[in-house]
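Colleague: One structure coming up, written as structure tokens, with questions to follow.
Structure (structure tokens):
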């Protein structure tokens, strides 16, 4: 009769496996469920996009009372910009000055509003000067001019101060035409006939009462042919006048 052997003798168990069997089974640790009341962390806010500035296409200019009231005939021009130093924000192109019996320019002149307002007043003084010198029947039909707006220095020099012409703040007067085809030029008339001398000196005197700067033939050689008129500022108070 055959003897039965234990199973362990037929299939020996390794020591490591036997040891592992001796260890108690690990009890799984329960994972807590997420709290429904937990405060959600705020999402990081992205920086707001800066709005792209829109270019304003409008040109902001200033209306001129003399043009609105009909004291001068002309039109508003676009702003003048010539480099860093020259220009005018609300320039005017003038054809004539004065409300009653306006005086026409030989060519349209470019000035600022301050000059336009003063030129309208000046026209009345000029008409009176012509009547006093030549008689009541004579009328001025045209004013001949030199420089108006020009980007340059005083007297066209390469150094020194910027001219008031560079701001449309000056005008040079050279001649007048009268009715019946007569006329007078500053270069020849300043020391011309008695009537011419009386007229030009009356114009010069009236100009000095209205403009901040007046330079004629007695001022310097550069103004032998033209009488310079401008509304530039002189002195700290801007009240000083130059009359030459």
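Residue numbers (UniProt numbering): 1 to 244. All C-beta atoms in this analysis are idealised placements derived from N, C-alpha and C, irrespective of residue type, glycine included. All values reported here derive from a predicted model rather than from experimental measurement.
Would residue 120 pass as an interface residue toward chain D - the criterion being a Cβ-Cβ separation below 7 Å?
Modeller: Among the protein chains of the structure shown there is no chain D, as only one such chain exists.
Colleague: Would DSSP call residue 56 helix, strand or coil?
Modeller: coil
Colleague: On the criterion of 16 or more Cβ atoms from any shown chain inside 10 Å, does residue 113 qualify as buried, or is it exposed?
Modeller: For residue 113, the number of other beta carbons within 10 angstroms of its own is at least 16, and it is reported as buried.
Colleague: On the DSSP letters alone, give me the boundaries of the alpha helix (DSSP H) that residue 204 sits inside.
Modeller: 194 to 210
Colleague: Could you work out which residue in 195, 212, 141, 161 is closest to residue 86 when comparing CA atoms only?
Modeller: If we check each option's Cα against that of residue 86, 161 comes out closest.
Colleague: Nearest to residue 247 by CA position, among 146, 143, 166, 144, is which residue?
Modeller: Residue 247 lies beyond the stretch modelled for the chain, which goes from 1 to 244, so this question has no answer here.
Colleague: Are three or more beta carbon pairs between the stretch 183 to 196 and the stretch 71 to 83 nearer than 8 Å?
Modeller: no
Colleague: Starting from the C-beta of residue 206, find all residues in its chain whose C-beta is less than 6 Å away, skip the five residues before and the five after it, and write them out in chain order.
Modeller: 125.
Colleague: So what does residue 230 bridge to, in DSSP terms?
Modeller: 170, 213
Colleague: Check each candidate in 187, 127, 102, 64 and name the one with the smallest Cα separation from residue 223.
Modeller: 187
Colleague: On the premise that residue 141 lies in contact with residue 96, defined as a C-beta separation below 8 Å, what is that separation, rounded to the nearest angstrom?
Modeller: With a Cβ gap of about 11 Å, residue 96 and residue 141 do not count as contacting.
Colleague: Report back the beta-carbon spacing between residue 231 and residue 199 to the nearest angstrom; my notes put them in contact at under 8 Å.
Modeller: That belief does not hold up - the Cβ atoms of residue 231 and residue 199 are roughly 23 Å apart, past 8 Å.
Colleague: Fully enclosed by the stretch 129 to 183, which alpha helix (DSSP H) runs are 4 residues long or longer?
Modeller: none
Colleague: Are there 16 or more other CB atoms within 10 angstroms of the CB of residue 17, so buried, or fewer, so exposed?
Modeller: With a pLDDT of only 46 at residue 17, under 50, the local geometry of the prediction cannot be trusted, and the value read off the model is given with reservation. Per the 10 Å Cβ criterion, exposed.
Colleague: Residues in its own chain within less than 7 Å of residue 243 by CB, not counting five upstream and five downstream?
Modeller: 208, 214
Colleague: Taking the C-alpha atoms as reference points, what is the distance between residue 111 and residue 84?
Modeller: 19 Å
Colleague: Decide if residue 218 is buried, meaning its Cβ has at least 16 other Cβ atoms within 10 Å, or exposed.
Modeller: exposed
Colleague: How many Å lie between residue 169 and residue 93 at the Cα?
Modeller: The C-alpha of residue 93 is placed about 12 Å away from the C-alpha of residue 169.
Colleague: What span of residues does the beta strand (DSSP E) with residue 96 cover, start to end?
Modeller: 92 to 97
Colleague: Hey, would you say residue 226 sits closer than 7 Å to residue 146, going by beta carbons?
Modeller: yes
Colleague: Taking all protein chains shown into account, decide if residue 204 is buried (16 or more other Cβ within 10 angstroms of its Cβ) or exposed.
Modeller: buried
Colleague: Is it true that the CB of residue 103 sits closer than 7 Å to the CB of residue 123?
Modeller: yes
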